[in-house]
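Here the structure is laid out as structure tokens; the discussion comes afterwards.
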Amino acid sequence: EGVRVAVRVRPFNQREKDRNAKLCVRMLDKSTTLVNPEDGKEKTFTFDYSYWSHDGQAEQPDGYNKCAGPGLGSNGATYHDQQAVFDDLGQGVLNNAYEGFNSWCVRAL
Numbered sequence: 212e213g214v215r216v217a218v219r220v221r222p223f224n225q226r227e228k229d230r231n232a233k234l235c236v237r238m239l240d241k242s243t244t245l246v247n248p249e250d251g252k253e254k255t256f257t258f259d260y261s262y263w264s265h266d267g268q269a270e271q272p273d274g275y276n277k278c279a280g281p282g283l284g285s286n287g288a289t290y291h292d293q294q295a296v297f298d299d300l301g302q303g304v305l306n307n308a309y310e311g312f313n314s315w316c317v318r319a320l
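Just remember that the working numbering sits 211 ahead of the position in the sequence shown, which is counted from 1.
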């Protein structure tokens, strides 16, 4: 199995909310667009997977967040829950780990 690159946008944390952070990311399918908040210039990147998890979720009674519906996130994005990420990436990662490969790298920015 080859290298796959995935990015995921998380919700703002409390510190970001307290500082009135502005959302500067848009996602549609495999494309992720970064918008410079100062001049509005955009750069679009394509990844194997672009997961939107910033908003558009429905909290379940057990605290789990799942997709509230297609296109209900900012700019028409669809929320991707942990199950969606696992379905796309998780089993392959587990299979590679069982075979002895270092197969997972997580970088949170």
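The C-beta atom is built at its ideal place from N, Cα and C for all residues, glycine as well. These figures come from a predicted structure and were not determined experimentally.
Do residue j and residue i come within 8 Å of each other at the CB atom, strictly closer than that value?
| i | j | result |
| --- | --- | --- |
| Y275 | V296 | no |
| L305 | A217 | no |
| K241 | F223 | no |
| K277 | D298 | no |
| V246 | C235 | yes |
| P248 | K228 | no |
| T243 | E253 | no |
Taking the beta strand (DSSP E) that residue i belongs to, which residues open and close that run?
| i | result |
| --- | --- |
| A217 | 217–220 |
| L305 | It is not in any beta strand (DSSP E) - L305 instead sits in the alpha helix (DSSP H) that spans 302–309. |
| R237 | 236–239 |
Under a Cβ-count criterion, where at least 16 other Cβ atoms within 10 Å of its own Cβ denotes burial, should residue i be classed as buried or exposed?
| i | result |
| --- | --- |
| T255 | exposed |
| L320 | At L320, the pLDDT of 47 sits below 50, so the modelled position is not reliable and the matter cannot be decided from this model. |
| R215 | exposed |
| G280 | exposed |
| R324 | Any property of residue 324 remains undetermined from this structure, which presents the chain solely from 212 to 320. |
| R226 | exposed |
Determine the extent of the alpha helix (DSSP H) in which residue i is found, giving its start and end residues.
| i | result |
| --- | --- |
| V214 | Element bounds for V214: n/a, residue is neither H nor E. |
| D229 | 225–229 |
| A295 | 293–296 |
At which residue ranges does the stretch 245–291 contain complete beta strand (DSSP E) runs of 3 or more residues, listed in the order of the chain?
253–257, 260–263, 268–270, 276–278
Touch check for the stretch 263–271 and the stretch 284–294: three-plus C-beta pairs under 8 Å?
A contact exists between the stretch 263–271 and the stretch 284–294.
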